[in-house]
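Respectively, the protein sequence lines represent chains A and B.
Take the working numbering: the last position of the first sequence gets the number 163, and nothing is skipped along the way.
Take the working numbering: the last position of the second sequence gets the number 1038, and nothing is skipped along the way.
To start, the structure under review is shown below, and the notes come after it.
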Amino acid sequence: MPELVITVARFGFLILLWIFVFTVVGVIRRDLFAGARSGRLVAAPRTLGAVAGQAAKPAKVKRGRAAHQLVVTAGQLAGTRITLGEAQITIGRAEDSTLVITDDYASARHARLVPRDGQWFVEDLGSTNGTYLDRAKVTGPTPVPLGVPIRIGRTSLELRP
Amino acid sequence: MTAAATPAASPATTGEQPGVRLARSRRNAELSLLLLAMVLVAAYGATVEATMLDTVTPDFWIPAAALSAVFLGLHLVIRFLAPFADPALLPAVALLNGLGVGFLRRLDLDEATPAAREGLAVFAGTGGRQLAWTLVSVILAAGLLVLMRDHRSVSRYAYTLGLAGIVLVMIPAVLPGRFSEINGAKLWIKFGDTFSIQPGEFAKLALLVFFAYYLVRKREVLSLASRRFLGIDFPRGRDLGPVVVVWLISLLVLVFEKDLGTSLLYFGMFVVTLYIATERVSWLIIGLVLFFGGAYLAYVLGDLVGGPFANFYLRAEIWLDPFADPHNDGYQLVQGLLALGTGGLFGAGPGGGQPGLLPEVQNDFIFAGLGEEIGLFGLSALLVIYLLIVERGLRAALAVRDSFGKLVAGGLAFTLGLQVFVIVGGISKLIPLTGQTTPFLSAGGSSLMANWLLIAVLLRVSDGAHRPVTGGGGPARGSGGPPEQLHGAPTEVIRP
């Protein structure tokens, strides 16, 4: 066998080995970030800025209609909905939460939704990765307009009438 | 080839339509990665033959094809019985296993007479036996996937498995040396001269399931009742009981089976599951202190009184200065280091090294033997593959919902990583060398079988983790079933 062929085979093998490694990493990477992207593709009102709808006026938010359901729109629980009552809704990985979400980026007790005078407020409970109302990070109790996604890790929730 | 790895459907569409499968199953990605891995194994075989025989025999592809067939079989089992399992695990493990078989076959070629080389049968020699063991192990792993439809069902047998694990650990220790001793370590059960099994490899799995079950039940008391000291929460004295018992068992293993690696493995496994269960750093600190204290004590005792500790003392001495006696005691380690050094960055090429000079190159020193031929460049790829396997296991542990699954997956993934660390660290003289097998690479049926079973458990747990939530954890029901009851809240699935 000519020397050249063997040399090519030698280095070709090593390069192929690394190609394999990077392909595996590529597959895993898609796995990791696929969920996070999906939430954003579902168009949401983008006028909501850092104030997170305090002065809520966006077109999609219909004022005067009370929220009756909490719907999971993205993530593993997508399609689940909870009928809202008077009680607060706790969200997290802990098994005693109202909504138990399995999400790598969710904390055990991640956030809660509290009703006050017909308006629902979302409150982060000191989670590691934060809770987002549309694109803005939730720092204190924040009113949640209808149809605006609350993001927890890869999971998205919305209030619906 | 890589282009085929595109997922079947993008999550943006599936996430919004509860009627369709919610999570992607990614089996096509797994299949294409697996084919790439098998191409690599075949390429390795061809390169070895081109280098050693100066020609590529017409049936160089047969071992790779046999491996491909059985891995594809496992892939099909996963496709139907664990459709949401992690796509990276099987190809990564298949590649390591295939390269191991290829390297062992290369050793057979080395030993065979020039005339016999070209006609080396597929199942002949160490490589052939490893190939046969691989087939058996993969079939066992598939069988485990078939039998165990939900990882939680294993917890029912936790105490039985725990007892079986301890018995398996103890058998070689109590057997007389001639039935259980190979190269100074009493880790084996020998049946005649040709066949021996290493029960400790299986005990590892059984014990871990038991640990996980025990800790799920005890985690509250272990993590809540504690005293604060130096800024770290230390557990109460009486809660230390079980960890001390396991520490004693692992020390007994060290003393009676004369194997530091195995005892480190058991102990590390327990401490880390304890840490995962309680999230208390103090357990890690206690574990490390206990282990290093124990190892140092064994070293001192070995120096002073010898007896059962002499073997460990000798190994530690070799580790401290392998070149003190390079032709006798330190021979193996010195040859290993020389092989790694000869390999350099890119190695001598598959088939181009001289693994015949390395004692035990088919077992403990396979990493050094491979290193001589594929160099640092190739070895680091192998290490990254191990890292990826461990990472996928830990990822499955993070994603799975139940505590038992978390502990089992986390513990198994960590154990695999620790085993790689112990043997690779030993070969590269980072820690004292102990006779651990390199998972999936080394020759040896017990190790291969146990590690494939481990992978089967990880696959099952990751399937449970990524499966879209329906009622209980029954076998793939897709999204047809009713959604899980959320804390008494009335729930329903919205249909398009």
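The C-beta atom is built at its ideal place from N, Cα and C for all residues, glycine as well.
For residue i, which three-state DSSP category applies?
i               : result
F626 (chain B)  : coil
V944 (chain B)  : In the sequence as displayed, the identity of residue 944 (chain B) is Asp instead of Val. It is coil, neither helix nor strand.
Q71 (chain A)   : strand
A683 (chain B)  : helix
Q121 (chain A)  : strand
G155 (chain A)  : coil
D906 (chain B)  : coil
L148 (chain A)  : coil
P600 (chain B)  : coil
K800 (chain B)  : coil
F963 (chain B)  : helix
K746 (chain B)  : helix
I620 (chain B)  : helix
I969 (chain B)  : helix
E723 (chain B)  : strand
D1005 (chain B) : helix
A890 (chain B)  : coil
Buried or exposed: which applies to residue i, given that a residue is buried once 16 or more other Cβ atoms fall within 10 Å of its Cβ?
i               : result
F909 (chain B)  : buried
T85 (chain A)   : exposed
K746 (chain B)  : buried
E88 (chain A)   : exposed
G848 (chain B)  : exposed
H1041 (chain B) : Because chain B in this structure spans residues 543 to 1038, residue 1041 (chain B) falls outside the shown range and cannot be described.
H693 (chain B)  : buried
E743 (chain B)  : buried
V716 (chain B)  : exposed
I154 (chain A)  : buried
G835 (chain B)  : exposed
T9 (chain A)    : exposed
P163 (chain A)  : exposed
L148 (chain A)  : buried
R133 (chain A)  : It is worth fixing the name first, because residue 133 (chain A) is Thr in this sequence and not Arg. Buried, since its Cβ has 16 or more Cβ neighbours within 10 Å.
Between residue i and the rest of its own chain, which residues show a CB-CB distance below 6 Å, the 5 nearest in sequence each way excluded?
i              : result
L882 (chain B) : A910 and G913
A96 (chain A)  : A110 and R111
A627 (chain B) : I620, L1001, S1004 and D1005
N639 (chain B) : T676 and F982
V146 (chain A) : W122, V124 and L161
Measure the C-alpha to C-alpha separation of residue i and residue j and round it to an integer number of angstroms.
i              : j               : result
P892 (chain B) : D596 (chain B)  : 13 Å
W789 (chain B) : E723 (chain B)  : 23 Å
D845 (chain B) : F22 (chain A)   : 48 Å
G142 (chain A) : V116 (chain A)  : 12 Å
F888 (chain B) : F919 (chain B)  : 6 Å
L862 (chain B) : K971 (chain B)  : 9 Å
F956 (chain B) : V932 (chain B)  : 7 Å
T976 (chain B) : A837 (chain B)  : 13 Å
A80 (chain A)  : G120 (chain A)  : 25 Å
T157 (chain A) : L1001 (chain B) : 24 Å
A819 (chain B) : G644 (chain B)  : 40 Å
P974 (chain B) : N905 (chain B)  : 17 Å
P864 (chain B) : T980 (chain B)  : 21 Å
A76 (chain A)  : S945 (chain B)  : 24 Å
T144 (chain A) : A69 (chain A)   : 15 Å
V73 (chain A)  : V813 (chain B)  : 41 Å
T92 (chain A)  : S567 (chain B)  : 30 Å
F721 (chain B) : L582 (chain B)  : 40 Å
I827 (chain B) : M991 (chain B)  : 33 Å
I708 (chain B) : G952 (chain B)  : 21 Å
The beta strand (DSSP E) spanning residue i covers which residue range?
i              : result
R83 (chain A)  : T82 to T85
S738 (chain B) : F737 to I739
L204 (chain A) : Residue 204 (chain A) is absent from the model: chain A starts at 3 and stops at 163.
T884 (chain B) : It is not in any beta strand (DSSP E) - T884 (chain B) instead sits in the alpha helix (DSSP H) that spans Y873 to G885.
T92 (chain A)  : I91 to G94
I103 (chain A) : No beta strand (DSSP E) holds I103 (chain A); DSSP gives it neither H nor E.
F733 (chain B) : I731 to F733
Whose C-beta lies closer than 7 Å to the C-beta of residue i among residues of the same chain, with five residues either side of it excluded?
i              : result
V751 (chain B) : V696, A700, L703 and V950
T593 (chain B) : G891, P892, G893 and G894
Looking at the unbroken alpha helix (DSSP H) that takes in residue i, where does it start and where does it end?
i              : result
F645 (chain B) : L631 to E653
G704 (chain B) : A700 to V716
N870 (chain B) : Note, N870 (chain B): premise wrong, no alpha helix (DSSP H); not H, not E.
T589 (chain B) : R569 to L595
Y838 (chain B) : V823 to L846
P656 (chain B) : P656 to R659
L862 (chain B) : A852 to L862
When every heavy atom of the ligand SAM is checked, does at least one fall within less than 7 Å of the C-beta of residue i?
i              : result
P901 (chain B) : The model on display carries no ligand, and the ligand SAM is accordingly not part of it.
Any beta carbon from chain E within less than 8 Å of residue i's own beta carbon?
i             : result
Q78 (chain A) : The displayed structure is made up of protein chains A and B, and chain E is not among them.
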